[in-house]
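Chemist: In our numbering, the protein residues as written are 677 to 911. In this text, a Cβ means the ideal position worked out from N, Cα and C, and glycines have one as well.
1. Counting along the chain, where does the alpha helix (DSSP H) carrying residue 893 start and finish?
2. Grab me the residues of residue 819's own chain with a C-beta within less than 7 Å of its C-beta, minus the 5 sequence neighbours each way, in chain order.
3. On the premise that residue 707 lies in contact with residue 688, defined as a C-beta separation below 8 Å, what is that separation, rounded to the nearest angstrom?
4. Does the pairing of the segment 882-890 with the segment 833-847 give three or more beta-carbon distances under 8 Å?
5. Helix, strand or coil for residue 790, going by three-state DSSP, please let me know.
6. From 739, 851, 909, pick the residue whose C-alpha is nearest to that of residue 709; which is it?
7. Apart from the five residues just before and just after residue 857, which ones in its own chain have a Cβ nearer than 8 Å to its Cβ?
8. Who are the near neighbours of residue 816 in its chain, counting only those whose CB is closer than 8 Å to its CB and skipping five residues on each side?
9. So the candidates are 741, 863, 775; which of them puts its Cα closest to the Cα of residue 799?
10. Look up residue 685 in the DSSP assignment and give the residues it is bridged to.
11. Which of the three DSSP states is assigned to residue 825 in this structure?
12. Write down the C-beta distance between residue 691 and residue 754 rounded to the nearest angstrom, noting that I regard them as a contact closer than 8 Å.
13. Work out the CA separation of residue 784 and residue 896 for me, nearest whole Å.
14. Contact defined as beta carbons within less than 8 Å: I believe residue 743 pairs with residue 680. What is the distance between those atoms, to the nearest angstrom?
15. Between residue 830 and residue 789, how many whole angstroms is the CB-CB distance? I'm expecting something under 8 Å.
16. Could you check which residue in 779, 902, 768 has the C-alpha nearest to that of residue 685?
17. Is residue 737 buried or exposed, if buried means 16 or more other CB atoms sit within 10 Å of its CB?
18. Can you give me the Cβ contacts of residue 835 inside the same chain, cut-off strictly under 6 Å, excluding the 5 residues immediately before and after it?
19. First and last residue of the beta strand (DSSP E) that includes residue 747?
20. Among the candidates 855, 850, 851, whose CA atom is the shortest distance from the CA of residue 693?
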């Protein structure tokens, strides 16, 4: 990748949305610099961040500084993934070529099971509100587990429908990493935080195990980020 632009990511170690961006950047050899927003300390609520960068008060936020000094700010993870794909398709495309619109649509079907059906209700902003209704942590855990279970069951069913029973389970679509894989793995890691056993979706589990061994997915692991607290850190 050749560019004089710089790419600065506002991130939080435990955010699955941020992990998507780190995975894609590694695959596409896009160099990132970081500022870390501690969601646990409510830094995303600070006026400077909300008014200056992200009115949704969320992460990730990507700031692209161009060689002429102008900036582009992108505030949603899928928008960042699409920006990377449109600017830097090579050397590692994350969508099939435009000449194959059916397969591109399939990748997006899988991706949206995660980013539309699973990620929003399992986001801490929602699960904390569920917990607050009766002041019960069990409500939060069971609600999140139900959302993960429904989404992973849908992903498993679509894998069986589109890949067949004898196909490789190395990737979601085709034989290389796509945006669907980039979105899936961080969400499975998030489900593990809730101690969800995913053996009920064996194809998803095999897919996760294969992808998680790849360097780009290891680099984005929430336990290995610069802002990961020591008590969670692994090498």
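Modeler: According to the structure data:
1. The sequence position of residue 893 within the chain shown is 217, counting from 1. Unbroken alpha helix (DSSP H) run through residue 893: 891-895.
2. Counting from 1 along the chain shown, the entry for residue 819 is found at position 143. Around residue 819: 803, 806.
3. As a working note, residue 688 is residue 12 in the chain shown. As a working note, residue 707 is residue 31 in the chain shown. Going by Cβ atoms, the distance from residue 688 to residue 707 rounds to 20 Å, so no, they are not a contact pair.
4. yes
5. Position 114 of the chain shown, counted from the first residue, corresponds to residue 790. Residue 790: helix per DSSP, three-state reduction.
6. Sequence index remark: in the chain shown, residue 709 carries index 33 (1-based). The option with the nearest alpha carbon to residue 709 is 739.
7. If you number the chain shown from 1, residue 857 lands on position 181. So the qualifying residues of the chain are 847, 848, 883, 887.
8. Counted from its first residue, the chain shown places residue 816 at position 140. The residues are 803, 804, 806, 807.
9. Looking up residue 799 in the chain shown gives position 123. When only C-alpha atoms are compared, the closest one is 863.
10. One-based indexing of the chain shown puts residue 685 at position 9. DSSP, once it has assigned bridges, lists 710, 738 as partnering residue 685.
11. On the chain shown, residue 825 is found 149 positions in, with the first residue counted as 1. The answer is helix: DSSP assigns residue 825 an H, G or I state.
12. For the purposes of this step, residue 691 is taken as residue 15 along the chain shown, with counting starting at 1. For the purposes of this step, residue 754 is taken as residue 78 along the chain shown, with counting starting at 1. The pair is not a contact, with the Cβ atoms about 14 Å apart (cut-off 8 Å).
13. Reading the chain shown from its first residue, position 220 is the one you call residue 896. Reading the chain shown from its first residue, position 108 is the one you call residue 784. Answer to the nearest angstrom: the Cα atoms are 21 Å apart.
14. Position 67 of the chain shown, counting from 1, holds the residue named residue 743. Position 4 of the chain shown, counting from 1, holds the residue named residue 680. That pair is a contact at about 4 Å.
15. Translated into the one-based positions of the chain shown, residue 830 becomes position 154. Translated into the one-based positions of the chain shown, residue 789 becomes position 113. About 5 Å; that satisfies the 8 Å criterion.
16. Within the chain shown, the letter at position 9 stands for residue 685. When only C-alpha atoms are compared, the closest one is 902.
17. Start at 1 with the first residue of the chain shown, and residue 737 comes out as number 61. Looking at its Cβ environment, which holds 16 or more other Cβ atoms inside 10 Å, residue 737 is buried.
18. Reading the chain shown from its first residue, position 159 is the one you call residue 835. Contacts found: 879.
19. In the chain shown, the residue the question calls residue 747 occupies position 71. It spans 747-750 - the beta strand (DSSP E) in which residue 747 sits, taken as one unbroken run.
20. Numbered from 1 along the chain shown, position 17 holds the residue referred to as residue 693. Comparing Cα positions, the closest option is 855.
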